[in-house]
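S.K.:
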Amino acid sequence: AQSVAQPEDQVNVAEGNPLTVKCTYSVSGNPYLFWYVQYPNRGLQFLLKYITGDNLVKGSYGFEAEFNKSQTSFHLKKPSALVSDSALYFCAVRDLSGGSYIPTFGRGTSLIVHP
Amino acid sequence: DTAVSQTPKYLVTQMGNDKSIKCEQNLGHDTMYWYKQDSKKFLKIMFSYNNKELIINETVPNRFSPKSPDKAHLNLHINSLELGDSAVYFCASSLGAGKSYEQYFGPGTRLTVT
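These protein sequence lines are chains A and B, in that order. Per our numbering, residue 1058 is the first one in the first sequence, and the count goes up by one each step. Per our numbering, residue 3 is the first one in the second sequence, and the count goes up by one each step.
(1) Return the CA-CA distance between residue 45 of chain B and residue 1134 of chain A, expressed in angstroms with no decimal places.
(2) State yes or no: is the beta carbon of residue 58 of chain B nearer than 8 Å to at least one beta carbon in chain A?
(3) Helix, strand or coil, according to DSSP, for residue 1118 of chain A in the structure here?
(4) Alpha carbon to alpha carbon, how far is residue 75 of chain B from residue 1071 of chain A?
(5) Since residue 77 of chain B contacts residue 68 of chain B with CB under 8 Å, what's their CB separation in whole angstroms?
(6) Taking only the alpha-carbon atoms, compute the straight-line gap between residue 1116 of chain A and residue 1104 of chain A and give it to the nearest angstrom.
(7) Which residue from A/1096, A/1169, A/1144, A/1085 puts its Cα closest to that of residue 1129 of chain A?
(8) Note down the Cα distance separating residue 93 of chain B from residue 4 of chain B, rounded to an integer number of angstroms.
(9) Which residues bound the beta strand (DSSP E) around residue 57 of chain B?
(10) Just the Cα atoms here: how many angstroms apart are residue 29 of chain B and residue 6 of chain B?
(11) What residue range is occupied by the uninterrupted beta strand (DSSP E) comprising residue 1088 of chain A?
As structure tokens, then:
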């Protein structure tokens, strides 16, 4: 079975500070991991994914995520937050080694960047 | 140049009515999905089609019926609408059914049942 957890419902950060949105996963085999962002009244937008290779993945809008197999984590990061980064962020996982090809989404983390 | 589009954007209707939501993607993708997002923003997969064939049908009341006339379109018809059907419905597509493919979402249809 595949599952993903986003332990924080909300993350608050000041503009210009670094931000981290946490995600941990559980799979039987190896994971494919994804981050999506949802702005108010919009659909989800793909940010980045980890399939294989370099543990540090770079994505859209200056975001990056670090795959850590030992900690089963895939935290989303950005060195300097913008007010316009305020949105709902979803982590998703697929188990490479079986199970449904439909990704399992986390419950979402609301990121609020204060001016 | 919209990649995944849905119509209508808003849908307000009364209990017992039948309604449809349309979805089109111009990305040339083979796989399409319907998701339901509840008031707490939780995303639930409803259906998935690959090359016009239904491949995923989660535990969804049979009042919900998807239809894919071609690879670029996936429509959702809902019979006998209930209050609990109120939610935002998202259509999505991906290049294929492979697990490495990311999904592209439409803007959503906010359904309100009164």
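No residue lacks a Cβ here, since even glycine has one placed at the ideal position from N, Cα and C.
M.R.: Quick answer:
(1) Distance between the alpha carbons of residue 45 of chain B and residue 1134 of chain A: 23 Å.
(2) Yes, because at least one Cβ of chain A sits closer than 8 Å to the Cβ of residue 58 of chain B.
(3) If DSSP states are grouped into helix, strand and coil, residue 1118 of chain A belongs with the helices.
(4) When the Cα atoms are used, residue 75 of chain B and residue 1071 of chain A turn out to be separated by approximately 42 Å.
(5) Their Cβ separation, rounded to whole angstroms, is 7 Å, which keeps residue 77 of chain B and residue 68 of chain B in contact under 8 Å.
(6) The straight-line gap from Cα to Cα measures roughly 5 Å.
(7) It is A/1085.
(8) Using only the alpha carbons, I get a separation of about 13 Å.
(9) Per DSSP, residue 57 of chain B belongs to the beta strand (DSSP E) from 55-59.
(10) Going by the C-alpha atoms only, they are around 8 Å apart.
(11) Counting along the chain, the beta strand (DSSP E) containing residue 1088 of chain A begins and ends at 1088-1095.
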